[in-house]
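Chains as they are written, first to last, in the working numbering: chain V, 175 to 460; chain B, 3 to 232; chain X, 2 to 209; chain W, 2 to 262. Down below is the structure, laid out as structure tokens.
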Amino acid sequence: MNIKWKDTRLIYLVIFLVIFGTSLTPITLPLPVVQWSKEFYKVIDEGVTVSVNPDNPRHFAGVKEGTRVMILNSGETAKLWGDMSEAVKAVWTDLRRRGAHILLWSSSVDNQAILDKYLIPYFYGLDPQSHSDYGVSFVDLGFVAGGNALLEQWRTSLRAITPVDRYGNSLADIPMMQNFDAMRIDCDLIIGLDARGLESIYVIRYNTPVLEMGGTDSAGYLALSYTAGYFQGMIMGQRGGAEYEFLSGIPGRASAYMLNSMAIALIVTVAIVVGNIQYLMSRRET
Amino acid sequence: MSSPIEPLMPYLNTFVFFAAYSVLYKDNPMYRFVQSLVVGIGAGFLFMAQIDQIVRILVPSLPQPHAVIALVMGVAFFCIFIPGLINIYRAASILVMTVGIGIVLPYGVAITWTATLGYSQRLFTGLGPFVAGICYALGMSYFLFTGRLEKPTAPLRTLGRVVLLVYTAMCISMTALGKLNLIQWKVLDALWGIPSTWFIPVGIFVLILIDAFVYPFLGVKKAKEVESEA
Amino acid sequence: MGQQSQTNIVQELPTILGVIGLFIIASLYWTEPGWEGALVIRNATTLSLPFATIITVGLLIRRHARNIIRREETTPYDAITIGSAVLIVLLGLVGGMADPTMAALYANVNVIGTMAVISAISISVFSPMIRIYRAKTPIMGFLILLSILALFTYTPIGEMIHPAIPRLGDFVQIWISGASDSAFWISTYIGAVALITRMILLKERLRP
Amino acid sequence: MTMNQLVLQALVRVDVLGVFIAFFLVLLGASFTLRGVSLRSIPTVEASLEAVRACSEKGNPLLFDTGWTGANFWGHSSGLTTLCFVPATLELLRAISRESGKLGVRVITGTTNAVYALMSHDFMQRGFAESGHPERFIPTDIRFYPDNTALNLSDVEMAHRLPFGAAVMVGGHNQTSNVVIYEALATEGAMIVAGEIWPNDNSMAALAADYMSFSEENIAIGSYLSDDPVPKAILAGEDIIKVFLIAIVIIGGILAGAGVW
Numbered sequence: 175m176n177i178k179w180k181d182t183r184l185i186y187l188v189i190f191l192v193i194f195g196t197s198l199t200p201i202t203l204p205l206p207v208v209q210w211s212k213e214f215y216k217v218i219d220e221g222v223t224v225s226v227n228p229d230n231p232r233h234f235a236g237v238k239e240g241t242r243v244m245i246l247n248s249g250e251t252a253k254l255w256g257d258m259s260e261a262v263k264a265v266w267t268d269l270r271r272r273g274a275h276i277l278l279w280s281s282s283v284d285n286q287a288i289l290d291k292y293l294i295p296y297f298y299g300l301d302p303q304s305h306s307d308y309g310v311s312f313v314d315l316g317f318v319a320g321g322n323a324l325l326e327q328w329r330t331s332l333r334a335i336t337p338v339d340r341y342g343n344s345l346a347d348i349p350m351m352q353n354f355d356a357m358r359i360d361c362d363l364i365i366g367l368d369a370r371g372l373e374s375i376y377v378i379r380y381n382t383p384v385l386e387m388g389g390t391d392s393a394g395y396l397a398l399s400y401t402a403g404y405f406q407g408m409i410m411g412q413r414g415g416a417e418y419e420f421l422s423g424i425p426g427r428a429s430a431y432m433l434n435s436m437a438i439a440l441i442v443t444v445a446i447v448v449g450n451i452q453y454l455m456s457r458r459e460t
Numbered sequence: 003m004s005s006p007i008e009p010l011m012p013y014l015n016t017f018v019f020f021a022a023y024s025v026l027y028k029d030n031p032m033y034r035f036v037q038s039l040v041v042g043i044g045a046g047f048l049f050m051a052q053i054d055q056i057v058r059i060l061v062p063s064l065p066q067p068h069a070v071i072a073l074v075m076g077v078a079f080f081c082i083f084i085p086g087l088i089n090i091y092r093a094a095s096i097l098v099m100t101v102g103i104g105i106v107l108p109y110g111v112a113i114t115w116t117a118t119l120g121y122s123q124r125l126f127t128g129l130g131p132f133v134a135g136i137c138y139a140l141g142m143s144y145f146l147f148t149g150r151l152e153k154p155t156a157p158l159r160t161l162g163r164v165v166l167l168v169y170t171a172m173c174i175s176m177t178a179l180g181k182l183n184l185i186q187w188k189v190l191d192a193l194w195g196i197p198s199t200w201f202i203p204v205g206i207f208v209l210i211l212i213d214a215f216v217y218p219f220l221g222v223k224k225a226k227e228v229e230s231e232a
Numbered sequence: 002m003g004q005q006s007q008t009n010i011v012q013e014l015p016t017i018l019g020v021i022g023l024f025i026i027a028s029l030y031w032t033e034p035g036w037e038g039a040l041v042i043r044n045a046t047t048l049s050l051p052f053a054t055i056i057t058v059g060l061l062i063r064r065h066a067r068n069i070i071r072r073e074e075t076t077p078y079d080a081i082t083i084g085s086a087v088l089i090v091l092l093g094l095v096g097g098m099a100d101p102t103m104a105a106l107y108a109n110v111n112v113i114g115t116m117a118v119i120s121a122i123s124i125s126v127f128s129p130m131i132r133i134y135r136a137k138t139p140i141m142g143f144l145i146l147l148s149i150l151a152l153f154t155y156t157p158i159g160e161m162i163h164p165a166i167p168r169l170g171d172f173v174q175i176w177i178s179g180a181s182d183s184a185f186w187i188s189t190y191i192g193a194v195a196l197i198t199r200m201i202l203l204k205e206r207l208r209p
Numbered sequence: 002m003t004m005n006q007l008v009l010q011a012l013v014r015v016d017v018l019g020v021f022i023a024f025f026l027v028l029l030g031a032s033f034t035l036r037g038v039s040l041r042s043i044p045t046v047e048a049s050l051e052a053v054r055a056c057s058e059k060g061n062p063l064l065f066d067t068g069w070t071g072a073n074f075w076g077h078s079s080g081l082t083t084l085c086f087v088p089a090t091l092e093l094l095r096a097i098s099r100e101s102g103k104l105g106v107r108v109i110t111g112t113t114n115a116v117y118a119l120m121s122h123d124f125m126q127r128g129f130a131e132s133g134h135p136e137r138f139i140p141t142d143i144r145f146y147p148d149n150t151a152l153n154l155s156d157v158e159m160a161h162r163l164p165f166g167a168a169v170m171v172g173g174h175n176q177t178s179n180v181v182i183y184e185a186l187a188t189e190g191a192m193i194v195a196g197e198i199w200p201n202d203n204s205m206a207a208l209a210a211d212y213m214s215f216s217e218e219n220i221a222i223g224s225y226l227s228d229d230p231v232p233k234a235i236l237a238g239e240d241i242i243k244v245f246l247i248a249i250v251i252i253g254g255i256l257a258g259a260g261v262w
């Protein structure tokens, strides 16, 4: 049989087979913790001082009982969930363990749907509204359309444009929301799920501490926000999840993903090297 | 409350995921079925979510001025269907767009200024910040437009291009690795989820093998082929 | 002549109004708590967005319906698209947004289909990397090495070979890629200000 | 009331406001003083029209896909760039439609933004009218999809079914998903012209496209298509700002290092 090694279908097939093979026996492998992950955990654990606006530096003392944390599910969480699942679970577990008050907003219907299916029931059951935490240490605004325009309005008043939570309950009547309205002062920590623009709305003007979670490659387009000093830390991908599990001591499954990545990375590297050697030799011949 | 169709969902879930991949082999009815379903269900859900936004948030905000104007703008959008009133629709859509630009335009300037200052103030505070500052300056030089500047700055623009390409090279690998996790997440779910659904991708794979080597039945004729046959 | 300039002003009116509105809204960035009128316009626009989406979903359905009427080759698939959209709308009208069947279909078809496409990026990237990633120039060779460095940094391979490898990869990613990302974005932000300048001078139009 | 509001306003980040105004003044000044300055070329401008000719030769339609470009309202600042692509991509759509009308090429567009989809209608219709063949404009070829994935799935399906002779992908795709479409287009031998907004989308274009322009270059496309010297002068004015920022990093860095600043 004449096999065409550059046939894309063959490449696709090899990648699939390796993924299936490595998934059968997930093995935990050693990983160094990268700088942005260390900083992420340090902010949650010890806090940080933000002074991007030099006029009024803001000190955050870490997540403690009653710390008001807003989670902005406003990036591509639904599309990236398979690369973010373990990290978000670990961080959420840690926030609850420390007694944080969590306010959740989803910027799109698919972002709301993915958390509804894979995260919210894990912590709050199938009927979150009836959970004892609801209204006390967790409130879900659900999908609200508006993106940046909402975040701009919410900095002075959340309730002025979004009077109800996702279930139609008036925010004014919810105990947790009593001192959670003007986000520029009422929010102690913002965690973005693959969210962008938080720096220009909250950090540059109000020095709000902002942490970011995304897929492995979200670091590509979030690099500016980290390198320029707006984001105080980042957790990226399943690898970031493994790092957070290690740093926080919360058990999880994130490190199981590393075997698969390693196997494919090795195969691709070998294919690139062999292809290039062939290319250089053929060029020399001609 | 759960849906009566919930027990079927793990199977549908796995079928949709892996049938979407079958297009990598070739265009086929399975892929087109899934594609049509994703578009249709997405459209229907999006429609209902917008109705919910109106009922849950807009209507309770009436008669506040912003809610009333929003309602008027909503009606204005529908003027797209009335040729004589098309300019009313245009006014509404241009307002939406310019308000959008008005919100985000200062963001760009704010980041431009504070980030540049940051790179500058940290330039000699360590190797990393020094490299970052220089690379930022080189990267910016790539985007110079004038032909007059192009010649004397050509070496800088070339170096700037290399800096942008370093980003590209790193990004390509990280993207591939990140998206790989998505596949494994679903594969793990198919293998170890309850119920286990691994036989669905295997079944699709067997179908593809039969099509490739035994009996070709997964074909969808291209429009051009249909035309030439006609 | 007078009539012509009047016509021109009428034609440019949308752009003129757009630019004025844009600056009124932009002023909110620097003011606390913000202008009442500008806040109302901004919030009104925010709440009006669902209407535009409803119309375009309608247009999407209409396009598929036309295909069916014209008995195009794609008719069976158009029927699936319309049928599934109508089913979801009916479920939503009867059971509201909390309807479990509607939520189940959306989460298991649309959201998972979405993830499938996004995950296919991985294969779509690896394939050209294997087929056409060749060191045709020294710069290209350098970039290939960097791509391999990234593969080694963000998997355990680098750490297993030598701890310096992931440290180097981390350095390149944070400081060089980070600065490069800044150059990409910030040049675009300057381009955005230039675009608005062109709009002020009526050199960019929002209608043909 | 207005005066009362004026008095009650507190200003935040006045330095950024100063820079904002300074940028505009520089660019406005440039629009008068830098007219006639020559600009370097941007490869995708010519290549887009070449793509129409390629489709004409092959007898296949052209895909003009702008993805997320449009009135973007989610929670992040990249919305700025997708919004600022609007005039440029609409002008390009008009130019492509004009060329396509003359050569009898069908143009199929894809976008995930509702308002942008409606605006595309105007520009495409005008382009075909300018070609002298208004009857060749097919309104249903302006395709809106509820999200980027639906657009991706449909583009891939069309790339195989029709197939396209060429694709002009100028706009905002997301999560680098454009590479999935590029792979399908490449399989069918379509010419690919790409100008992506996001840096990571650019990376995918670098991997797959025949012609590409980086982020900001795409906002400038409208000015390149115009015969008017003013937009080009403003582009030249941007260089003053960029050189100023580069100088801040270098000179400011030295001063900060010396402890003077």
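For every residue, glycine included, the Cβ atom is placed at its ideal position computed from N, Cα and C.
Rounded separation between residue i and residue j - CA only
i      : j      : result
V:H275 : W:L40  : 55 Å
B:P218 : W:P164 : 21 Å
X:H65  : B:S38  : 10 Å
W:L63  : B:I136 : 41 Å
B:V61  : W:M125 : 36 Å
V:G411 : V:P383 : 21 Å
V:S281 : B:I53  : 16 Å
W:W75  : X:I70  : Confidence is the limiting factor: at W:W75 the pLDDT is only 44, short of 50, which leaves the residue's position unreliable, though a coordinate-based value still follows. Near 36 Å, if we compare the C-alpha coordinates of X:I70 and W:W75.
X:P139 : V:V447 : 15 Å
V:T336 : X:T154 : 44 Å
X:S120 : B:R58  : 34 Å
Bridge-paired residues (DSSP) for residue i
i      : result
W:Y264 : There is no way to answer for residue 264 of chain W, as the model of chain W reaches only from 2 to 262.
W:D66  : W:G111
B:H68  : B:H68 is not bridged to any residue.
W:N179 : BP columns for W:N179 are empty, so no partner.
Interface flag, residue i vs chain B, CB-CB below 8 Å
i      : result
W:P147 : yes
W:D229 : no
Cut-off 6 Å between Cβ atoms - residues of its own chain near residue i, not counting five sequence neighbours on either side
i      : result
V:Q303 : Y341
W:V194 : T45, A48, S49, A52, V169, Y212
X:F185 : none
W:R137 : G102, F129
V:Y298 : H305
W:F215 : N203
Close beta carbons around residue i, own chain, < 7 Å, minus the five adjacent residues each side
i      : result
V:S465 : Residue numbering for chain V in the displayed model covers 175 to 460; residue 465 of chain V lies beyond these limits and cannot be assessed.
X:I62  : I83, A86
V:D268 : I218, S422, I424
Interface flag, residue i vs chain W, CB-CB below 8 Å
i      : result
B:R58  : no
V:G388 : no
Interface flag, residue i vs chain X, CB-CB below 8 Å
i      : result
W:F65  : no
B:G205 : no
| Mind listing which residues of the segment 85–109 of chain W have their C-beta closer than 7 Å to chain X's C-betas, in chain order? | C85, P88, R95
| task | Using a Cβ-Cβ cut-off of less than 9 Å, give me the residues of the segment 4–27 of chain B that come near chain V, in sequence order. | result | S4, Y23, L26, Y27
| request: Please name the residues in the segment 240–252 of chain W whose beta-carbon is closer than 7 Å to at least one beta-carbon of chain B, in chain order. | output: Residues of the segment 240–252 of chain W with a C-beta less than 7 Å from any C-beta of chain B: D240, K243, L246, I247, I249, V250, I251, listed in chain order.
| message | If the cut-off is 8 Å on Cβ atoms, which residues from the segment 55–84 of chain X count as contacting chain C, listed in chain order? | response | Protein chains in the displayed structure are V, B, X and W, and chain C is not among them.
| said: Along the segment 103–120 of chain B, where does the CB come closer than 7 Å to a CB of chain V? Name the residues. | reply: Cβ contacts with chain V come from I105, V106, Y109, A112, I113, T116, A117, G120.
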